[in-house]
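Undergrad: Positions 1407 to 1654 (the numbering used here) are the ones given, in order, by the sequence shown. Got a structure for you, questions after.
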Amino acid sequence: MVEILSLVVALVSALLAYFALPEPTRQRLLQRVRGAPEEDKPSLAEIVIHELQPTQHDVDAVRDTYELRQLWQIDNDSYQDFSIDFDTFVSWWRAFPSGLVAARDSGGEIIGGIGTWPVPRRWTERLTNDCNPESLISEDSIRACLSSRGRPDWYISGIVLSNFKSNFSGKRMLPLMFQRAVLQISMHPRFHLNSTLYAMPISEEGARLLRRFHFTEYAGLACEPPLYYRQCSAEFLSLLNGLKPKES
1407 MVEILSLVVA
1417 LVSALLAYFA
1427 LPEPTRQRLL
1437 QRVRGAPEED
1447 KPSLAEIVIH
1457 ELQPTQHDVD
1467 AVRDTYELRQ
1477 LWQIDNDSYQ
1487 DFSIDFDTFV
1497 SWWRAFPSGL
1507 VAARDSGGEI
1517 IGGIGTWPVP
1527 RRWTERLTND
1537 CNPESLISED
1547 SIRACLSSRG
1557 RPDWYISGIV
1567 LSNFKSNFSG
1577 KRMLPLMFQR
1587 AVLQISMHPR
1597 FHLNSTLYAM
1607 PISEEGARLL
1617 RRFHFTEYAG
1627 LACEPPLYYR
1637 QCSAEFLSLL
1647 NGLKPKES
């Protein structure tokens, strides 16, 4: 009963706030509702609440194995057959903790994350149409890439959020997680501007994010989901540095 009353109060507050807004602002919010895809259409209350309150989400490093378990579960639910087991996930994180970032809601719960892992140059020559790229990554391969004198390429894993379609404000976290993940590895001594970034997004939202940053579908493979890639550059990092929180 208390939860129902709280929901009613929140909805009434949102409606009162909506009618207190200037007419141009109300029209803009209505256009956002009408313009959203039917399967992902946010309510007017969600948008008003989001507009009037600053976002409470945070993107940061994964702090411990408890958070790692939360993130792995989200990843596992999204990737299913393509997901790695939890022990492998832990071993990757221990080999390269900076390779993993997570988004948290206002209560501190993990709602999504992105991993960025070093892979050897010419890595794609080992891939086949039915190959899961993550099966070629291990704790040993990560450590070898980071300790050798060579300059590795990078594989972006995850790009997932929990309850993506029902969490309107959470969608804004995808580009911010991506920004944090790539800029974080760009400070590593083994990172270089001529490296190639690879990613295999499981969702259309993840694929849309990659295309937004000019990733191209890899033509050498006919795998599903498709593998994307792009060359790193100073311009690309500059674009990420200037990224502001906005809807993806």
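For each residue, glycine too, the CB sits at the ideal point set by N, CA and C.
What first and last residue would you give for the beta strand (DSSP E) that runs through S1563?
TA: Segment 1559-1567, the beta strand (DSSP E) holding S1563.
Undergrad: Check whether the stretch 1611-1625 touches the stretch 1492-1500, taking contact to mean three or more Cβ pairs, one atom from each stretch, closer than 8 Å.
TA: No, they do not touch.
Undergrad: Quick one: grab the DSSP three-state call for V1507.
TA: It is a strand residue.
Undergrad: Rounded to the nearest angstrom, what separates S1504 and R1475 at their Cα positions?
TA: Each residue's Cα considered, the two are about 17 Å apart.
Undergrad: From I1455 to L1643, what does the alpha carbon distance come to, in whole angstroms?
TA: Because the pLDDT of I1455 is 45, which lies under 50, any placement of that residue in the model is unreliable, and the question is left without a value.
Undergrad: Which of helix, strand or coil does DSSP assign to R1636?
TA: R1636 falls in the strand class under three-state DSSP.
Undergrad: Drop a sphere of 10 angstroms on the beta-carbon of L1645, count the other beta-carbons inside from all chains shown, and report buried for 16 or more, exposed for fewer.
TA: Flag for L1645 reads exposed.
Undergrad: Could you compute how far the alpha carbon of I1591 sits from the alpha carbon of Y1561?
TA: Going from the Cα of I1591 to the Cα of Y1561 covers about 11 Å.
Undergrad: Mind checking which residues open and close the alpha helix (DSSP H) that includes V1588?
TA: 1579-1592 is the extent of the alpha helix (DSSP H) around V1588.
Undergrad: Assuming contact is defined by CB atoms lying nearer than 7 Å, are I1520 and D1511 in contact in what I supplied?
TA: Their beta carbons are not under 7 Å apart, which means I1520 does not touch D1511 by this criterion.
Undergrad: From what residue to what residue does the alpha helix (DSSP H) around V1525 run?
TA: Here V1525 belongs to no alpha helix (DSSP H); instead the beta strand (DSSP E) covers 1516-1525.
Undergrad: If you compare alpha carbons, which of I1490, F1502, N1600, G1514 is closest to Y1472?
TA: Measuring from the Cα of Y1472, the nearest candidate turns out to be G1514.
Undergrad: Quick one: Cα of T1522 to Cα of T1530, how far?
TA: Going by the C-alpha atoms only, they are around 16 Å apart.
Undergrad: Out of curiosity, what's the CA-to-CA distance linking E1540 and G1648?
TA: Cα to Cα, the separation comes out at about 30 Å.
Undergrad: For E1611, which of H1594, A1508, R1500, S1484 has the nearest alpha-carbon?
TA: The residue with the shortest Cα to Cα distance from E1611 is S1484.
Undergrad: Just to check my reading of the structure: P1524 and R1596 have Cβ atoms closer than 8 Å, yes? What is that Cβ distance to the nearest angstrom?
TA: At roughly 6 Å, the Cβ-Cβ gap stays under 8 Å, so P1524 and R1596 are in contact.
Undergrad: What residues match up with V1465 in a beta bridge as DSSP calls it?
TA: DSSP output for V1465 lists A1509 as bridge partner(s).
Undergrad: Does DSSP put Y1624 in a helix, a strand or coil?
TA: Looking at Y1624 - three-state DSSP - the assignment turns out to be coil, as it is neither helix nor strand.
Undergrad: Alpha carbon to alpha carbon, how far is H1594 from D1559? Give it in angstroms, no decimals.
TA: Cα to Cα, D1559 sits roughly 12 Å from H1594.
Undergrad: Taking the straight line between their C-alpha atoms, what separation do you get for A1628 and S1489?
TA: If you take the alpha carbons of A1628 and S1489, they lie about 19 Å apart.
Undergrad: Assign C1551 to buried or exposed, taking buried as 16 or more other Cβ atoms, counted over all protein chains shown, within 10 Å of its Cβ.
TA: Classification for C1551: buried.
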